[in-house]
Amino acid sequence: MLIFNRPLSTGTKRFLYFGVPVFVLGILLIIPLGIGLPVVFCWIIYLLYRILQILIRKEETIRKNLIPFGVNVLALTVSFILIFVTTTQANSTPGLIKSLGSVSPFYPETVHSVMSRLIQRGPEVVDPLSETFEKNLDRDYVSPFLPTRIAYCLSQIGGPQAEAVLKQVVAEEIDLSDNENTKWEAAVCCLYADCAGPRAVPVLQKLLENSDEKQQFIPLCALVRTGDFTATETVLDHVDELRKQLQQPFTNRGFTAMIRLTLQALAEGQSPEDLKASPIYHRMMLGLRPDHQTQTDIVWNQQWDAELDIPALNDHWSQILIH
Numbered sequence: 021m022l023i024f025n026r027p028l029s030t031g032t033k034r035f036l037y038f039g040v041p042v043f044v045l046g047i048l049l050i051i052p053l054g055i056g057l058p059v060v061f062c063w064i065i066y067l068l069y070r071i072l073q074i075l076i077r078k079e080e081t082i083r084k085n086l087i088p089f090g091v092n093v094l095a096l097t098v099s100f101i102l103i104f105v106t107t108t109q110a111n112s113t114p115g116l117i118k119s120l121g122s123v124s125p126f127y128p129e130t131v132h133s134v135m136s137r138l139i140q141r142g143p144e145v146v147d148p149l150s151e152t153f154e155k156n157l158d159r160d161y162v163s164p165f166l167p168t169r170i171a172y173c174l175s176q177i178g179g180p181q182a183e184a185v186l187k188q189v190v191a192e193e194i195d196l197s198d199n200e201n202t203k204w205e206a207a208v209c210c211l212y213a214d215c216a217g218p219r220a221v222p223v224l225q226k227l228l229e230n231s232d233e234k235q236q237f238i239p240l241c242a243l244v245r246t247g248d249f250t251a252t253e254t255v256l257d258h259v260d261e262l263r264k265q266l267q268q269p270f271t272n273r274g275f276t277a278m279i280r281l282t283l284q285a286l287a288e289g290q291s292p293e294d295l296k297a298s299p300i301y302h303r304m305m306l307g308l309r310p311d312h313q314t315q316t317d318i319v320w321n322q323q324w325d326a327e328l329d330i331p332a333l334n335d336h337w338s339q340i341l342i343h
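To convert, count from 1 in the sequence shown and add 20; that's our numbering.
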């Protein structure tokens, strides 16, 4: 409204000449860019209209307002510079990585959009992701969101370098010898299994051997996702322990769903892809939404609790995974 009140020709108080650019500049910094751009566009049209008036008409009242007109032009130029700099910084790799840890998991579409843009840049973002990962794990308190999202990006990028980063984190940074685990540890183990496949088995087997009894479900759920028959056989041998874990009061809802979905994948899966398609990340509320499409169209159920025929499942998965 201040812009279209035409303060340059009606003699409005001089403070409006400075208030208009400051007001619009404030809007551009606060409201989304999608709304700010139409404001800037209207501002440009208005200033072009004023330029035509100055060039065509010879009225003295217009020429007396050259100073406030210049202030508007300067403010518009600064606005464009700020928009360009802010957009460039936000789209840079450091800017995207920084935003990974600041977006709430209750906005998974936004989180997945940021992760997708990083994943599309490929191996070039592995080093900055690794550096941020390491710095985050060195803190006294590790928020589960940033390390899990970085691990997801690395697992999707794949390749020896990304796999080596995840392997180092699982082997050296994750300690399950007590009952003080956080969500990021469970997710990173599973994401490492997704990325490395059978190559992750030795690291996860060692983690299983050194885990507290209450934490063994984490490497077990990760072993299933490797698609290795020996690892799957190990998990089937521990089904009773997993079922006991479901009855324990200290097992939270996210981990309970993680165990149930893993058992469902073993019971209903018909291909190696089915073993790693269970949507455990969504239930853990970490803002991850991977593609859960499976060849057999399994209807995932977080309350799944059917009986398992262990010998039959051993035969079933030996035929699939070995051949």
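We treat Cβ as the ideally placed atom computed from N, Cα and C, and that holds for glycine.
1) Rounded to the nearest angstrom, what separates Thr246 and Arg169 at their Cα positions?
2) For Ile342, count neighbouring Cβ atoms within 10 angstroms of its own Cβ and tell me buried if that reaches 16, exposed if not.
3) Just how far apart, CA to CA, sit Leu286 and Leu174?
4) Distance check for Arg159 and Asn334, CA to CA, integer angstroms please.
5) Give the list of continuous alpha helix (DSSP H) stretches no shorter than 4 residues that lie fully inside the segment 110–141.
6) How far does the alpha helix (DSSP H) with Leu306 in it extend, from its first residue to its last?
7) Report the three-state DSSP secondary structure of Glu327 (helix, strand or coil).
8) Please classify Cys209: is it buried, with 16 or more other beta-carbons within 10 angstroms of its beta-carbon, or exposed?
9) Roughly how many angstroms lie between the CA atoms of Asp260 and Ser112, to the nearest whole one?
10) How many angstroms separate the CA atom of Ala326 from the CA atom of Thr282?
11) Are Ile117 and Thr152 close, meaning C-beta to C-beta below 8 Å?
12) Span of the alpha helix (DSSP H) holding Val146?
13) With respect to the alpha helix (DSSP H) encompassing Ala297, which residues constitute its N-terminal and C-terminal limits?
14) Ser99 to Leu45, Cα distance in whole Å?
15) Taking the alpha-carbon of Ala191 as reference, which of Leu227, Thr202, Ile177 and Gly179 has the nearest alpha-carbon?
16) For Gly274, which of Val223, Gln284, Gly217 and Gln323 has the nearest alpha-carbon?
17) Inspect the CB distances between the segment 262–273 and the segment 218–232 and report whether three or more fall short of 8 Å.
18) Report the residue from Pro167, Phe61, Pro148 and Pro239 whose alpha carbon sits nearest the alpha carbon of Pro222.
19) Give every residue of the same chain whose Cβ lies closer than 7 Å to the Cβ of Asn321, excluding the five residues on either side of it in the sequence, and list them in chain order.
20) Pull up the CB-CB distance for Ile177 and Val131, whole angstroms please, since I reckon it's below 8 Å.
Inspection of the coordinates gives the following:
1) 20 Å
2) exposed
3) 26 Å
4) 43 Å
5) 113–120 and 128–140
6) From DSSP, Leu306 is part of no alpha helix (DSSP H); its letter is neither H nor E.
7) coil
8) buried
9) 48 Å
10) 12 Å
11) yes
12) Val146 to Leu157
13) No alpha helix (DSSP H) contains Ala297, which DSSP labels as neither H nor E.
14) 6 Å
15) Leu227
16) Gln323
17) no
18) Pro239
19) Gln284
20) Going by Cβ atoms, the distance from Ile177 to Val131 rounds to 16 Å, so no, they are not a contact pair.
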